[in-house]
Ligand code: NAP
């Protein structure tokens with residue numbers, strides 16, 4: 031592969047929106063969309079979501095994979111070029127920047143780079159959890175909470191994310207169980223208090239999930255099998271939703287030592303979408319642990335494309 035003006039890494043809403051804007055600015059972006067690996071799919075976290083009801087413009091909702099497909103087609107229409115490969119190495123210390131590809135082993139260089147590699151929710155790692163993903167198993171209460179009106183559901187985890195999810199879910203659910211593997215929450219006191227004071231919440235201490243029960247697509251989740259870590263005894267809990275909230279991991283291993291990151295590994299930005307290296311921009315969940323929504327990722331993808339366009343205009347190449 032040769033030299034490119036603009037390369038985008040990532041094929042979720044951030045990368046695809048950046049591609050739409052950059053392509054319409056005649057930058058002919060090249061987008062690396064990744065390869066399926068473990069629980070990841072090209073297209074990002076929307077690929078493991080079913081109904082998306084909060085993306086503006088789709089009054090009747092849209093399926094996550096369909097939303098990604100629409101964005102991809104839109105980017106393709108303006109001549110974005112897609113490569114199904116993973117970037118295995120980046121060198122941001124030289125100009126042009128250099129990227130090595132995993133499958134082909136080839137190298138590509140570029141003048142500007144948009145990083146939209148996203149984040150992945152941490153999962154417990156159970157086969158039943160994977161099978162029921164999108165059918166009652168979720169890692170996003172903001173996205174899926176409204177599907178569980180007046181139902182009994184569970185949140186797994188004891189950190190701030192779990193408290194935030196549990197607190198949000200009390201707006202919809204009849205009962206919210208918080209399942210935590212220890213006898214003490216890791217979350218900040220104020221977040222704990224908000225959750226523990228809710229009459230809808232019951233914490234199940236010292237328990238871990240050994241299986242999510244149910245069938246996909248119907249009836250979806252029907253319960254969970256829990257194990258008491260103190261005596262190994264198992265019990266079943268009847269719930270129709272299981273929100274896994276044990277943290278997220280941004281996909282930033284590629285950039286360690288080259289770009290600034292916070293303690294959790296999220297990229298730190300300077301102005302707008304700019305990283306500390308001129309010509310390198312970031313969009314979406316890779317630099318956002320606060321909002322993590324498809325629409326905010328898409329919005330920041332647009333911003334990154336505009337920032338990259340301005341950078342390129344100011345640097346003849
Ligand atoms: P976290 O603080 O690392 O907490 C993860 C929780 O999940 C812990 O309670 C942990 O249990 C549990 N856990 C981890 N792996 C597990 C497994 N395999 N099975 C069962 N339980 C498991 O992650 P987080 O809650 O996502 O928070 C990440 C960072 O973002 C934190 O610094 C947090 O303060 C911040 N945050 C802030 C806000 C806010 O202020 N609004 C909201 C969200 C997140 P143990 O406790 O036993 O380790």
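Residue numbers (the numbering used here): 31 to 347. Each residue gets a CB set at the ideal place from its N, CA and C atoms; glycine is no exception. What you are looking at is a predicted structure, and each value in this text was computed from that prediction instead of being measured.
Please confirm whether residue 151 and residue 335 have their CB atoms less than 9 Å apart.
No.
Residue 136 classed as buried or exposed, judged by whether at least 16 other C-beta atoms fall within 10 angstroms
By the 10 Å Cβ count, residue 136 comes out exposed.
Is residue 155 near ligand 1, with its Cβ less than 8 Å from a heavy atom?
Residue 155 Cβ: within cutoff of ligand 1.
Within 10 angstroms of the Cβ of residue 59, are there 16 or more other Cβ atoms? Answer buried if so, exposed if not.
Buried, because 16 or more other Cβ atoms sit within 10 Å of the Cβ of residue 59.
Can you give me the Cβ contacts of residue 300 inside the same chain, cut-off strictly under 7 Å, excluding the 5 residues immediately before and after it?
Cβ-Cβ distances below 7 Å link residue 300 to 306 in the same chain, with the five nearest sequence neighbours on each side left out; the list follows chain order.
Within 8 Å: the Cβ of residue 206 and any heavy atom of ligand 1?
Not under cutoff, so the answer is no.
Taking the DSSP output, what are the residues bridged to residue 207?
DSSP lists 184 and 232 as the bridge partner or partners of residue 207.
DSSP beta-bridge partners for residue 137?
Partner(s): 130.
Would residue 274 be called buried (16 or more neighbouring beta carbons within 10 Å of its own) or exposed?
It counts as buried.
Considering residue 61, what are the terminal residues of the alpha helix (DSSP H) in which it resides?
Taken as a continuous stretch (DSSP letters only), residue 61 belongs to no alpha helix (DSSP H), being part of the beta strand (DSSP E) at 60–62.
Using the C-alpha atoms, what's the distance from residue 226 back to residue 313?
Residue 313 and residue 226: Cα-Cα distance of roughly 35 Å.
Is any non-hydrogen atom of ligand 1 found closer than 8 Å to the C-beta of residue 258, if you look at the structure I gave you?
In this structure, residue 258 has its beta carbon at no less than 8 Å from each heavy atom of ligand 1.
Short Cβ contact (9 Å threshold) for residue 251 with residue 177:
No, they are not a contact pair.
Return helix, strand or coil for residue 259, following the three-state DSSP convention.
Here DSSP, grouped into helix, strand and coil, assigns residue 259 to coil.
Quick check on residue 291: does DSSP put it in helix, strand or coil?
Residue 291 falls in the strand class under three-state DSSP.
Less than 9 Å between the beta carbons of residue 31 and residue 138, yes or no?
Cβ atoms of residue 31 and residue 138: closer than 9 Å.
Keeping to the same chain, check which residues put their C-beta closer than 6 Å to that of residue 130; ignore five residues upstream and five downstream.
Cβ neighbours of residue 130 beyond the five flanking positions: 118, 119 and 137.
DSSP three-state call for residue 327: helix, strand or coil?
Note: residue 327 maps to helix in three-state DSSP.
Going by C-alpha to C-alpha distance, which of 212, 36 and 92 sits closest to residue 128?
Nearest C-alpha to residue 128: 36.
Would you decide whether residue 33 is buried or exposed? Buried here means 16 or more other CB atoms lie within 10 Å of its CB.
The residue is exposed, with fewer than 16 neighbouring Cβ atoms inside 10 Å.
Since residue 209 and residue 234 are thought to touch, with beta carbons under 8 Å apart, how far apart are those beta carbons, to the nearest angstrom?
With 8 Å as the limit, residue 209 and residue 234 qualify as a contact, their Cβ atoms being about 5 Å apart.
Just the Cα atoms here: how many angstroms apart are residue 149 and residue 200?
Going from the Cα of residue 149 to the Cα of residue 200 covers about 26 Å.
Three Cβ pairs or more, each shorter than 8 Å: is that satisfied between the segment 79–95 and the segment 312–329?
The segment 312–329 and the segment 79–95 touch, with three or more beta-carbon pairs separated by less than 8 Å.
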